[in-house]
Amino acid sequence: MFLFFVLFKLDSAANAISNKFNVKCLPEHIDNHLKTVKNAWVAISKLRDKDSGFGWDDNLKMITASPTVYNTYTEANPTHEKYLSKKIDMYDEMTVVSLSPSLSLGLLFSAKPMAMAAPTTLRVFSSSKPTYTVSHKPSLSVRTTSFLRLPTTYSTKCATQSLITTTTTTSSHSLRSASVVPVNAAPSSSSPSTTTFHGLCYVVGDNIDTDQIIPAEYLTLVPSNPEEYKKLGSYALIGLPSSYAVRFVEENEFQTKYSIIIAGANFGCGSSREHAPVALGAAGTKAIVAESYARIFFRNSVATGEVYPLESEVRICEEFTTGNVATIDLGENKLINHTTGKEYKLKPIGDAGPVIEAGGIFDYARKAGMIPSSTA
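In terms of mature numbering (1 follows the signal peptide of the UniProt record, and there is no 0), the sequence shown is residues -16 to -1, 1 to 360.
Here it is in structure tokens:
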């Protein structure tokens, strides 16, 4: 029901903006804008921290710095330059949107935030191939409360990714274009998924948090910008400690050679940043097999459609080594380690599978008829 509520509110906000400003606005434009604002707030809060070395002028709403500090910091963090030594526009509104999510959509109906949210300034977060036009106003039709039945437990143990990947689907299209189960249709056991992933594994342990997956300094990169999406992938798992001798993405590369991540418990804990699964997807990750997940990371993985967050029946991260060759068969719910010859049972992905195959929650909602297609 929560997902229905969010889609309905985003759809209503998009309608209001389209009507008031005579522009074509999609729900994901609103969603992307809110996420962009919150990501900016993360960077600003970090700079305003009492131990950051920067000052704060509350009258001007400006982060201050000496020339030496400014030059040194912006050289190391060029994407943060826009927040330093200049007035931060709409700082108070940004505070409300970032700290009071329940008011975020309501603010979109006030004049200034709506102007900010115009599609000409928004970029879609949930897809690397954004679309901006629609021939009519979106309208949401809630068909069933069983829209998305996610597993009640989120457990997966080892994180592994591979460089060489082969994806097989029931259609000739890419994974992102696979067919979608209708919203009001129950999962069919007679037509299981034939999607498989084959490639090298990258193994991590327990409690891999979002700072390790994608550090906060890279959250200003906008995934809907193809160049920034590509760059985001190059920083995937760059925050891992030095005990991980093998880098997930080699220096000066944008893609990893590890398409499967094998992980321990509580993978994706920490913040709620959607950049975490997006960065892994941008790097070329197809699936993660973990003992358990942080709930928000699991939801973000499904919502963005970037990676499959799969769970193993038993803890397996100690039984894999980075560089092992593996195959994931979603139809059979199994993981095969070809290097050791062992097979492992996976928990079914359930109704989350069609959402990921569709490319994320917005693409799924369009194909299921919940919101109009952007090309309609």
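Using N, Cα and C, we set each Cβ at its ideal position, and we do this for glycine too.
- Beta-bridge pairing by DSSP links M354 to no other residue.
- In the DSSP annotation of this structure, the continuous segment of the alpha helix (DSSP H) that includes T20 starts and ends at 11 to 32.
- Counted as a single uninterrupted DSSP element, the beta strand (DSSP E) harbouring K326 occupies residues 326 to 331.
- Shown here, I1 sits in a helix according to DSSP, grouped into three states.
- CA-to-CA, the gap between L(-7) and E237 works out to about 37 Å.
- Taking every protein chain shown into account, the CB of K329 has fewer than 16 other CB atoms within 10 angstroms, so this residue is exposed.
- In the DSSP annotation of this structure, N308 is not part of any beta strand (DSSP E), being labelled neither H nor E.
- Using a 10 angstroms sphere on the CB of A60, the tally of other CB atoms stays under 16, which defines it as exposed.
- Between V262 and S296 the beta-carbon gap is near 23 Å, outside 8 Å, which marks them as no contact.
- Of the other Cβ atoms in all chains shown, fewer than 16 fall within 10 Å of the Cβ of L44; this residue is therefore exposed.
- Counting other Cβ atoms within 10 Å of its Cβ, D313 reaches 16 or more and is therefore classed as buried.
- Less than 9 Å divides the Cβ of G268 from the Cβ of S243.
- In the three-state DSSP reduction, L205 falls in the coil class, being neither helix nor strand.
- In the DSSP assignment, V286 falls within the alpha helix (DSSP H) that extends over 279 to 288.
- Only buried fits K351, as 16 or more other CB atoms lie within 10 angstroms of its CB.
- Residue ranges of uninterrupted beta strand (DSSP E) with 3 or more members, entirely inside the stretch 183 to 249 and ordered along the chain, are 244 to 246.
- Only exposed fits H322, as fewer than 16 other CB atoms lie within 10 angstroms of its CB.
- Taking the C-beta atoms as reference points, S276 is found no nearer than 9 Å to D193.
- Residue pairing by DSSP puts K318 in a beta bridge opposite D313, K329.
- In this structure, the CA atom of F346 is about 41 Å from the CA atom of G37.
- When secondary structure is reduced to three states using DSSP, K71 falls in the strand class.
- Per DSSP, the continuous beta strand (DSSP E) segment holding L294 begins and ends at 292 to 296.
- Listed in chain order, the non-local C-beta contacts of I280 below 7 Å within the same chain comprise S256, local neighbours out to five positions each way being set aside.
- If you draw a straight line from the Cα of P11 to the Cα of K326, it comes to about 45 Å.
- Secondary structure note for G37: it is in no alpha helix (DSSP H), with a DSSP letter that is neither H nor E.
- In the displayed model, V7 falls within coil according to three-state DSSP, outside both helix and strand.
- Looking at the DSSP output, M46 bridges to D41, K71.
- By the Cβ-count criterion, E258 is buried, with 16 or more other Cβ atoms from all chains shown falling within 10 Å of its own Cβ.
- Between C9 and V187, the CB-CB gap reaches or exceeds 9 Å.
- If you ignore the 5 residues before and after K214, its C-beta comes within less than 6 Å of the C-beta of F238, all in its own chain and listed in chain order.
- Between A220 and L264 a beta carbon distance of about 5 Å is seen, short of the 8 Å cut, so the two are scored as contacting.
- For I272, there is no enclosing alpha helix (DSSP H); the residue is found in the beta strand (DSSP E) stretching over 271 to 274.
- With contacts defined by Cβ atoms closer than 9 Å, E341 and T179 form a contacting pair.
- Classified as buried, D335 has 16 or more neighbouring CB atoms from the shown chains inside 10 Å of its CB.
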